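Under the UniProt record's numbering, think of the first position of the sequence shown as 1, with each following residue one higher. Here the structure comes first, spelled out in structure tokens, and everything after it is commentary.
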Amino acid sequence: MDPTAPAEAPAVAVAVDASTDGSVGVAPAGSVTESLFAAGGPPHPHHTAKRQEAAALLALWSALVLTEGTVRFVLTSPAQDLFPADRPVSVLPPFLPFLAALSECLFGLTGVFVGVGAAFFNLHNRAVTLAFLGSQTVLSWFVFIIYVFLIPSYRARYLEAPIFPFDTLGASRAFITMGIFTSVSLCLALQGGKFAFGMRLLGHQSPPGKASAAHAAKAAARGVFWNGNMVFGGVSTVVAGVLLLANAAGDGGTGRLDGVFVAPPHVGVFPLTTLFCGLTMAAAGAVGVVASFRPAWFRAALIYTAVAYVYMYLNFTIVQVGAIRPSGPPQAAAFHAGLVLLTALIGPYFAYQAKAARVEGASVAMTA
């Protein structure tokens, strides 16, 4: 060793604490902090931002779940006898929608706490997120089965006369079935989307360097799934519109009907509006599927989705429901306003994530 050489400064390791506030700290070489990052390298610079983004979206989805659950809970008339002794077999037991609405309020409220805490106050814990996702899985499936499948299926099973504007029980049940299919699409975007963002939050609570290394193929698959869900909802809405037009010749034809059709979420008086809404949904979803694999299509997907969202909002809320007031159910507009927003938003979001993953992967490959 050359005694005339200047003394070397002790080696240091720079670490980003992604589990707290993303601040930069300095630790001596060989310390525990350095060993934590030795295998995976320093954390991705956007790790904290991605975690907060996932948490904020979880909070948004949860707030709309809570809103829906609250309205449903009030509509169940919780003060009534939930176990009536003289209940006809054609009437659904009141305690089932009551418990389902209460469950929706519960997992909506817990989602708000988990999402808001992680997004805005940096309060998060992986074990808490896991517990939340476990309870969400059980409760959301219960709600989904009761409100999306059981209640309308009960109605179709015990239908005693055709519903407006249909002449037969078969056509009436086909229309109710299209309502079930569209509800599957909308409610899957609400409750399934909430779970998806909970999983993204959980992923970004992993040690730095793991959660941010998302594979483009997996991201594209998510984009295909959620945009495909939009296509499914659009096709069922198109079929609902066709059924209405085919059976409404003597009740107003293609214009405003003389009565109200009701197979939630298809509630209103304008069959053509229902038909065109379904067409825009299916087109936007199809372009979104392509954009999940071909980033050059993303701008087109965004434009199509914006148009579809506006049409969905008009069809499922202020145009159809507004036209049947004061006799129509105002709560339908409140339900649908949130549902159509999330259904339209989640597909392009994951298509964009697929595009971003490809850009990130190409950048890593160039610097390797």
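We put the CB at the ideal spot given by N, CA and C, even for glycine. All values derive from a computational prediction rather than experimental measurement.
His266 is bridged by DSSP to Ala263. Counting along the chain, Trp297 sits inside no alpha helix (DSSP H), nor does DSSP assign it H or E at all. With a cutoff of 8 Å on beta-carbon distance, Ala351 and Phe298 are scored as near each other. The alpha-carbon separation between Arg72 and Val359 amounts to approximately 43 Å. If you draw a straight line from the Cα of Ala100 to the Cα of Val231, it comes to about 28 Å.
Non-local C-beta neighbours of Leu96 in its own chain, meaning closer than 8 Å and more than five positions away in sequence, comprise Ile146 and Leu150, ordered along the chain. In this model, Ala189 and Asn125 are separated by some 25 Å (Cα to Cα).
Contact check for Ala54 against Phe197 passes: the beta carbons are separated by less than 8 Å. Under the 10 Å beta carbon count, Tyr309 is surrounded by 16 or more other beta carbons and is classified as buried. DSSP, reduced to helix, strand and coil, places Ala63 within a helical segment of the structure shown. The closest CA to that of Phe316, considering only Pro264, Gln52 and Ile303, is found on Pro264. Between Lys50 and Leu75, the alpha-carbon positions lie close to 38 Å from each other. Only residues of its own chain outside the window of five on either side were considered, and among them Ala119 have a CB closer than 6 Å to the CB of Ala56, listed in chain order.
In this structure, Thr343 is the residue among Arg294, Val269 and Thr343 with its C-alpha nearest to the C-alpha of Tyr313. A straight-line Cα-Cα distance of about 19 Å links Ser135 and Thr67. In this structure, Thr274 lies near Ala240, with their beta-carbon atoms less than 8 Å apart. Rounded to whole angstroms, the gap between the alpha carbons of Leu202 and Gly115 is 11 Å. Remark: three or more beta-carbon pairs, one from each stretch, lie closer than 8 Å, so the stretch 242-249 and the stretch 154-167 are flagged as touching. Per DSSP, Arg200 is one residue of the alpha helix (DSSP H) stretching across Gly193 to Gly203. By alpha-carbon distance to Gly338, the top candidate from Cys187, Val143, Val269 and Val307 is Cys187. Looking only at Val235, Leu302 and Ala306, the smallest Cα-Cα distance to Leu279 is reached by Val235. Judged by beta-carbon spacing, Tyr304 lies beyond the 8 Å limit of Cys277, meaning their Cβ atoms are not closer than that value. Counting only runs that start and end inside the stretch 134-171, there is no beta strand (DSSP E) element of at least 3 residues. Rounded to the nearest angstrom, the Cβ distance from Ser292 to Asn227 is 6 Å, consistent with a contact under 8 Å. Non-local C-beta neighbours of Val143 in its own chain, meaning closer than 6 Å and more than five positions away in sequence, comprise Ala100, Ser103 and Glu104, ordered along the chain.
Distance from the CA atom of Ser62 to the CA atom of Leu109, rounded to whole angstroms, is 7 Å.
Looking from the CA of Ile318, the closest CA among Ala332, Gly288 and Ala306 belongs to Ala332.
Straight across, the Cα-Cα distance linking Pro94 with Phe175 is about 25 Å.
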